[in-house]
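Structure first, then comments.
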Amino acid sequence: GENVEQHPSTLSVQEGDSAVIKCTYSDSASNYFPWYKQELGKGPQLIIDIRSNVGEKKDQRIAVTLNKTAKHFSLHITETQPEDSAVYFCAASTITPLVFGKGTRLSVIA
Amino acid sequence: NAGVTQTPKFQVLKTGQSMTLQCAQDMNHEYMSWYRQDPGMGLRLIHYSVGAGITDQGEVPNGYNVSRSTTEDFPLRLLSAAPSQTSVYFCASSFPGGAYEQFFGPGTRLTVL
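If you read the sequences in order, they're chains A and B. Its first residue numbered 4, the first sequence is counted upward by one per residue in the numbering used here. Its first residue numbered 27, the second sequence is counted upward by one per residue in the numbering used here.
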């Protein structure tokens, strides 16, 4: 089955700097790669996703890149703000249920 | 729309007790799933359902039971609670297939003594 590895497990950045979180997956058939943000005491919420026919997708300060050959994808957050502090999860799937990475705790220091 | 709702928010059980975690959604989603979240372990799939009357096991199904009699509801039953089941449980729903946004509920924090 699919296996998703996520790095780093914790990340601290200064406000205004960029943050990058990386994930690798094992199943070359996976074609959907979402990113979820989980704030303290809440359920995860989708922030951006990418499909296998696209190499990059942007939404304001957030971007995701996908390298299908290397089987890895990354989340980029630019101009970080304190409200970006949260746990971020990557995931991968085909037509089966999503398989999640173990999460990255991002702290943005003001 | 209320989205995905879960009850209770918090629960404390003694070892051996049974209980049902409730999950309901009002978005007419066919796909529903249950995850548990433990520190450093991410979100692990317990059971999922692709429609009423159809359920399947996920990564960590032992000790849990599910049924899906309606599109809206997907309860999770703990048959005989164990301390290893202390966790935060999330229910999620989406359109069928793996390539759609999953909407998560607010979670149930369960402690088994």
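Glycine is no exception: its CB is placed at the ideal position from the N, C-alpha and C atoms.
Query	Result
Identify the contact partners of proline 132 of chain B in chain A, using a Cβ-Cβ distance below 9 Å as the criterion.	Gly44, Lys45 and Gly46
Have a look at glycine 19 of chain A and glutamate 59 of chain A and give me their C-alpha separation to the nearest angstrom.	22 Å
Compile a chain-ordered list of the residues in the region 77-92 of chain A whose CB is closer than 7 Å to at least one CB of chain B.	Phe92
Does any residue of chain A bring its CB to less than 8 Å from the CB of phenylalanine 121 of chain B?	no
So methionine 67 of chain B contacts chain A; which residues on that side make the cut at Cβ distance below 7 Å?	Lys105
Please name the residue in B/Glu127, B/Val138 and B/Leu136 whose C-alpha comes closest to that of arginine 114 of chain A.	This structure cannot speak to residue 114 of chain A, because chain A is shown only from 4 to 113.
With glutamine 48 of chain B as the anchor, note down where its beta strand (DSSP E) starts and where it stops.	45-51
My parser needs the beta strand (DSSP E) runs of 3 or more residues fully inside the region 42-110 of chain B; what are they?	45-51, 57-64, 68-77, 80-83, 90-92 and 102-104
Against chain A, with Cβ distances strictly below 8 Å, would serine 113 of chain B count as a contact?	no
When the Cα atoms are used, what is the spatial distance from glycine 68 of chain B to lysine 74 of chain A?	20 Å
Taking 8 Å as the threshold (C-beta atoms), are tyrosine 35 of chain A and aspartate 52 of chain A in contact?	yes
Give the residues from the region 25-37 of chain A that approach chain B closer than 9 Å (Cβ to any Cβ), ordered along the chain.	Ser33, Asn34, Tyr35 and Pro37
List the residues of chain B whose Cβ lies closer than 8 Å to the Cβ of arginine 54 of chain A, in chain order.	Ala125
Roughly how many whole angstroms lie between the Cα atoms of threonine 97 of chain A and glutamine 84 of chain A?	33 Å
Based on DSSP bridge pairs, tell me the residues matched to valine 138 of chain B.	B/Leu39
Find the nearest neighbour of isoleucine 112 of chain A within the set A/Gly106, A/Ala94, A/Pro47 and A/Ser88, judged by alpha-carbon distance.	A/Ser88
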